[in-house]
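Structure first, commentary second.
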Amino acid sequence: MGNEIIKIGILGCANIAKKSVIPAIKSLSDKFELLFIASLNPQKAKDFATEFNCQPMAGYDALIDSNKIDAVYIPLPTGLHKEWVNKAILSGKHVYAEKSLAYSYSDATEMVEHAKNNELALMEGFMFLYHSQHDIVFKLLREGKIGEIRHFSSSFGFPPLDPTNFRYSEKLGGGALLDAAGYTVRSARFILGDQFEIKGATLFVDSSKGTNVYGSAFMTNSNGTGASLAFGFDNFYQCRYEIWGQKGKIIAERAFTPPVEFSPRIIFETQTGIQVIKAEPDNHFVHAFEEFYHIIGNKITREKHYADILKQSHSLDLIRHYSNITL
Numbered sequence: 005m006g007n008e009i010i011k012i013g014i015l016g017c018a019n020i021a022k023k024s025v026i027p028a029i030k031s032l033s034d035k036f037e038l039l040f041i042a043s044l045n046p047q048k049a050k051d052f053a054t055e056f057n058c059q060p061m062a063g064y065d066a067l068i069d070s071n072k073i074d075a076v077y078i079p080l081p082t083g084l085h086k087e088w089v090n091k092a093i094l095s096g097k098h099v100y101a102e103k104s105l106a107y108s109y110s111d112a113t114e115m116v117e118h119a120k121n122n123e124l125a126l127m128e129g130f131m132f133l134y135h136s137q138h139d140i141v142f143k144l145l146r147e148g149k150i151g152e153i154r155h156f157s158s159s160f161g162f163p164p165l166d167p168t169n170f171r172y173s174e175k176l177g178g179g180a181l182l183d184a185a186g187y188t189v190r191s192a193r194f195i196l197g198d199q200f201e202i203k204g205a206t207l208f209v210d211s212s213k214g215t216n217v218y219g220s221a222f223m224t225n226s227n228g229t230g231a232s233l234a235f236g237f238d239n240f241y242q243c244r245y246e247i248w249g250q251k252g253k254i255i256a257e258r259a260f261t262p263p264v265e266f267s268p269r270i271i272f273e274t275q276t277g278i279q280v281i282k283a284e285p286d287n288h289f290v291h292a293f294e295e296f297y298h299i300i301g302n303k304i305t306r307e308k309h310y311a312d313i314l315k316q317s318h319s320l321d322l323i324r325h326y327s328n329i330t331l
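Our numbering applies: residue 5 is where the sequence shown begins, and numbers increase by one.
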């Protein structure tokens with residue numbers, strides 16, 4: 005792709021866009037130029053546009069239809085993705101959308117097929133994958149420090165949210181499955197590889213909230229190695245994964261949402277003792293958009309992201325299946 009600047013618009017004024025993603029995009033001025041921010045609330049669009057030195061747009065269709073942009077960042081709730089991701093792709097825009105990308109595997113398949121047919125990048129926003137703390141983990145694994153992996157566990161959950169939070173709206177794609185569980189599933193595949201599959205799961209649906217609020221799942225591969233996943237919106241805070249091996253174990257304490265100024269700890273334990281390794285602070289939002297820029301211009305890498313999206317969405321559908329929850 006050379007040194008082409010990708011002109012990008014933001015579809016929605018979510019907090020994550022304001023706090024983390026738009027500053028990341030603005031910092032990559034050699035790769036992206038932020039032109040527009042769209043909102044259903046014209047005043048909110050104006051406020052964001054003023055803060056980030058771009059142009060406001062009233063309504064999402066105006067942004068989708070613009071011939072001045074090459075790509076769209078979509079931080080809308082998952083339940084709105086089917087409409088707006090597909091519209092953006094069919095209008096010729098590359099898309100980076102927040103996790104979970106799709107409400108169901110069938111929706112994910114439709115989005116991916118549209119992206120393939122139009123030769124466009126489609127990326128799901130799991131920023132944690134691009135934090136350098138995981139490089140420390142992979143180095144320990146490559147060097148055989150804990151021997152062969154015997155089990156993987158991952159947990160991501162937090163205390164109850166504000167009752168008005170969209171994550172409690174099933175219509176908007178809320179629930180712990182499409183939010184917190186997505187991180188645990190993606191981390192298992194990230195560390196262990198794609199041969200692991202969901203073999204059992206449970207979800208608790210809170211009738212007063214109308215959606216699932218916590219659950220667990222179990223994955224395994226053909227060799228009998230297992231992965232335990234736990235997630236929820238009504239839990240003591242956890243944000244970690246643990247790799248248990250023949251000769252030791254590795255724990256990443258703040259695996260999913262470390263602030264950019266924070267130094268996560270990697271705990272490496274064997275019979276000889278415990279070593280605490282402090283990772284350098286890192287901006288995984290910036291690195292994620294560097295990856296997005298890369299896949300816009302690289303067909304081979306684009307294909308890997310298509311596959312990742314489908315495997316992730318299929319896994320979440322299997323958790324529903326084993327929990328006897330239907331769409």
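Built from N, CA and C at the ideal position, the CB exists for glycine as well. All figures in this text were calculated on a predicted structure; none of them were measured in a lab.
Residue i (DSSP reduced to helix, strand or coil)
{"i": "residue 210", "result": "strand"}
{"i": "residue 107", "result": "coil"}
{"i": "residue 165", "result": "coil"}
{"i": "residue 288", "result": "helix"}
{"i": "residue 258", "result": "coil"}
{"i": "residue 240", "result": "coil"}
{"i": "residue 250", "result": "coil"}
{"i": "residue 157", "result": "strand"}
{"i": "residue 130", "result": "coil"}
{"i": "residue 235", "result": "strand"}
{"i": "residue 205", "result": "strand"}
{"i": "residue 20", "result": "helix"}
{"i": "residue 148", "result": "coil"}
{"i": "residue 181", "result": "helix"}
{"i": "residue 15", "result": "strand"}
Expected contact under 8 Å - CB spacing of residue i and residue j to nearest Å
{"i": "residue 15", "j": "residue 42", "result": "5 Å"}
{"i": "residue 317", "j": "residue 108", "result": "7 Å"}
{"i": "residue 118", "j": "residue 145", "result": "That pair is no contact at about 36 Å."}
{"i": "residue 315", "j": "residue 186", "result": "Not confirmed; about 12 Å, so no contact."}
{"i": "residue 161", "j": "residue 242", "result": "5 Å"}
{"i": "residue 59", "j": "residue 80", "result": "Wrong, their Cβ atoms sit about 19 Å apart, outside the cutoff."}
{"i": "residue 202", "j": "residue 323", "result": "6 Å"}
{"i": "residue 50", "j": "residue 17", "result": "In fact, because the Cβ distance is near 10 Å, the residues do not count as touching under 8 Å."}
{"i": "residue 327", "j": "residue 207", "result": "4 Å"}
{"i": "residue 10", "j": "residue 300", "result": "6 Å"}
{"i": "residue 297", "j": "residue 36", "result": "7 Å"}
{"i": "residue 153", "j": "residue 277", "result": "So it is not a contact: roughly 21 Å between Cβ atoms."}
Residue range of the beta strand (DSSP E) that includes residue i
{"i": "residue 215", "result": "215–224"}
{"i": "residue 75", "result": "75–78"}
Extent of the continuous alpha helix (DSSP H) run through residue i
{"i": "residue 4", "result": "An answer regarding residue 4 cannot be provided, because it is not within the stretch 5 to 331 covered by the chain."}
{"i": "residue 135", "result": "That residue, residue 135, is in no alpha helix (DSSP H); it is neither H nor E in DSSP."}
{"i": "residue 101", "result": "Counting along the chain, residue 101 falls outside any alpha helix (DSSP H), though it belongs to the beta strand (DSSP E) covering 98–102."}
{"i": "residue 9", "result": "Neither: residue 9 is in no alpha helix (DSSP H) and is coded neither H nor E."}
{"i": "residue 329", "result": "Premise fails: residue 329 is in no alpha helix (DSSP H) and is neither H nor E."}
{"i": "residue 227", "result": "Looking at the DSSP string, residue 227 is not in any alpha helix (DSSP H), and its letter there is neither H nor E."}
{"i": "residue 90", "result": "85–94"}
Touching by the beta-carbon criterion (3+ pairs, under 8 Å), the stretch 229–241 and the stretch 155–169: The stretch 229–241 is in contact with the stretch 155–169.
Of all the alpha helix (DSSP H) runs that stay within the bounds of the stretch 23–64, which reach a length of 4 or more residues? 26–31, 46–56
Within the chosen definition, does the stretch 24–37 reach the stretch 86–98 through at least 3 CB pairs nearer than 8 Å? Because the criterion of three Cβ pairs below 8 Å is not met, the stretch 24–37 and the stretch 86–98 do not touch.
Whole alpha helix (DSSP H) runs in the stretch 272–319 with 4 or more residues, listed along the chain? 288–300
Is there contact here, the stretch 123–143 with the stretch 177–191, by at least three beta-carbon pairs under 8 Å? yes
Pairs of beta-carbons, one from the stretch 47–67 and one from the stretch 154–168, closer than 8 Å: are there three or more? At 8 Å Cβ cutoff, the stretches do not touch.
Taking contact to mean at least 3 C-beta pairs separated by less than 8 Å, is the stretch 208–220 in contact with the stretch 135–142? no
Touching by the beta-carbon criterion (3+ pairs, under 8 Å), the stretch 256–267 and the stretch 285–294: yes
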